[in-house]
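The structure appears right after this line, and notes come after that.
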Amino acid sequence: MNKKGSLKKVKPVIGIFDLTDCNGCLWAFANHPDFLNILKMVKVKSFRLASEGKLRGHYDISIVEGYPGDEEEVEILKRIRENSDILIALGACACTGGIQTIRNFLKLDEVKNYVYPDSTSIKLVEAKPIDAYVKVDFYIPGCPVNGREVVEALKALILGKTPEIPNYAVCVECKMRETECMLINGLPCLGPVTRGGCNAPCPAAGYICDGCRGPLKEANFASEAEILKQIIKEKDLTLLFRRYASLMEGFREIAEGGV
Numbered sequence: 007m008n009k010k011g012s013l014k015k016v017k018p019v020i021g022i023f024d025l026t027d028c029n030g031c032l033w034a035f036a037n038h039p040d041f042l043n044i045l046k047m048v049k050v051k052s053f054r055l056a057s058e059g060k061l062r063g064h065y066d067i068s069i070v071e072g073y074p075g076d077e078e079e080v081e082i083l084k085r086i087r088e089n090s091d092i093l094i095a096l097g098a099c100a101c102t103g104g105i106q107t108i109r110n111f112l113k114l115d116e117v118k119n120y121v122y123p124d125s126t127s128i129k130l131v132e133a134k135p136i137d138a139y140v141k142v143d144f145y146i147p148g149c150p151v152n153g154r155e156v157v158e159a160l161k162a163l164i165l166g167k168t169p170e171i172p173n174y175a176v177c178v179e180c181k182m183r184e185t186e187c188m189l190i191n192g193l194p195c196l197g198p199v200t201r202g203g204c205n206a207p208c209p210a211a212g213y214i215c216d217g218c219r220g221p222l223k224e225a226n227f228a229s230e231a232e233i234l235k236q237i238i239k240e241k242d243l244t245l246l247f248r249r250y251a252s253l254m255e256g257f258r259e260i261a262e263g264g265v
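Heads up: take any position in the sequence shown, counting from 1, add 6, and you land on the working numbering.
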């Protein structure tokens, strides 16, 4: 591993793990046409979707989808980190806590009893991104992720380079696709304050960007909130910012009702 944390080995060993999640991000890149080419360049030691996801020694790169939903998964995550040179957070759940952070605005015991009414062994923890527990080297956001983005990040690491995730708004990609602006059309879109890189598929399909890739650094969240308050009720505005990244700076203040 070089000073930047990238790899120079010919066949790096990769582990692909999932915690509490829907597996949507893993399927997103496993179904990408170039994924098979990636498999020729690496040795996959653990991958539950393909075989199993048990820890098996040391990994050059570990990819983690999902967030630790209980105390057992927190310990699993820590073991993955201890056995990995590079750890990649894959998808909204791993990067920002994802949609599960909605439960943080409820009483945890009530959530547990509603979902697991007959269980006494499950010990839920507050929904948080994985970097609340371990060091993360690279983040690939989205719900689900863009398969191309994952493939390109892995290629970069295998070639000894540092992956780059765009730091511009989803709006940039809407412009590139010549997609009509949701806000101009009176729809509550979070594109101006959400990190791009997904190629803006939701607005192109007629659906708002609801912030699944997390907040854009240095975005004007207050201005966005003022615009949205002209379109939707403050309660709905708060719920919109709670959807995927309510713990993240910029989104958190509005998600907590500070509008």
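Where is the CB? At the ideal position from N, CA and C, for every residue including glycine. Only a predicted model underlies this, so the values are computations on that prediction, with no experimental measurement involved.
| query | Does the region 168-175 come close enough to the region 106-123 to have 3 or more Cβ pairs within less than 8 Å? | reply | no
| Ala95, buried or exposed, once every other Cβ within 10 Å from all chains shown has been counted against 16 | Within the sequence shown, the letter at position 89 stands for residue 95. Buried is the call here.
| request: Leaving out five residues on either side along the sequence, give the residues of the same chain with a beta carbon under 6 Å from the beta carbon of Ala56. | output: Start at 1 with the first residue of the sequence shown, and residue 56 comes out as number 50. Bear in mind that the predicted position of Ala56 carries a pLDDT of just 48, short of 50, making it too unreliable to give a figure here.
| message | Using only the alpha-carbon positions, how far apart do Leu246 and Gly21 sit? | response | Counted from its first residue, the sequence shown places residue 246 at position 240. Counted from its first residue, the sequence shown places residue 21 at position 15. Cα to Cα, the separation comes out at about 34 Å.
| message | Could you check whether Thr200 and Gly217 sit closer than 7 Å to each other, using their CB atoms as the reference points? | response | In the sequence shown, counting from the first residue as 1, residue 217 sits at position 211. In the sequence shown, counting from the first residue as 1, residue 200 sits at position 194. Their beta carbons are under 7 Å apart, which means Gly217 touches Thr200 by this criterion.
| task | For the alpha helix (DSSP H) containing Glu88, list its first residue and its last residue. | result | Within the sequence shown, the letter at position 82 stands for residue 88. Taken as a continuous stretch (DSSP letters only), the alpha helix (DSSP H) holding Glu88 covers Glu77 to Glu88.
| Under 7 Å between C-beta atoms of Tyr73 and Gly103 | As a position in the sequence shown, residue 73 is number 67, starting the count at 1. As a position in the sequence shown, residue 103 is number 97, starting the count at 1. Yes. Within cutoff.
| Leaving out the 5 sequence neighbours to the left and right, which residues in its chain are closer than 7 Å to Tyr145 when beta-carbon positions are compared? | Translated into the one-based positions of the sequence shown, residue 145 becomes position 139. Answer for Tyr145: Ala95, Cys101 and Ile171, listed in chain order.
| Tyr120 - DSSP class collapsed to helix/strand/coil | Looking up residue 120 in the sequence shown gives position 114. Three-state DSSP puts Tyr120 in a helix.
| said: Relative to the C-alpha of Lys141, which candidate in Lys241, Thr244 and Lys84 has its C-alpha closest? | reply: Position 135 of the sequence shown, counting from 1, holds the residue named residue 141. The residue with the shortest Cα to Cα distance from Lys141 is Lys84.
| The beta strand (DSSP E) spanning Glu71 covers which residue range? | In the sequence shown, residue 71 corresponds to position 65, counting from 1. First-last of the beta strand (DSSP E) with Glu71: Tyr65 to Glu71.
| task | Have a look at Gln106 and Pro18 and give me their C-alpha separation to the nearest angstrom. | result | Counting from 1 along the sequence shown, the entry for residue 106 is found at position 100. Counting from 1 along the sequence shown, the entry for residue 18 is found at position 12. Rounded to whole angstroms, Gln106 to Pro18 spans 32 Å at the Cα level.
| Hey, would you say Lys51 sits closer than 7 Å to Arg62, going by beta carbons? | As a first step, residue 51 is located in the sequence shown; it is residue number 45 there, counting from the start. As a first step, residue 62 is located in the sequence shown; it is residue number 56 there, counting from the start. Cβ distance < 7 Å, so Lys51 and Arg62 count as in contact.
| field | Nearest-angstrom Cα separation, counted from Cys195 out to Cys3 | value | With the chain running from 7 to 265 in the structure shown, residue 3 is simply not present.
| said: By DSSP's criteria, Ser52 is part of a beta bridge. Which residues make up the other side? | reply: Counting from 1 along the sequence shown, the entry for residue 52 is found at position 46. Answer by DSSP bridge pairing, in chain order: Gly21.
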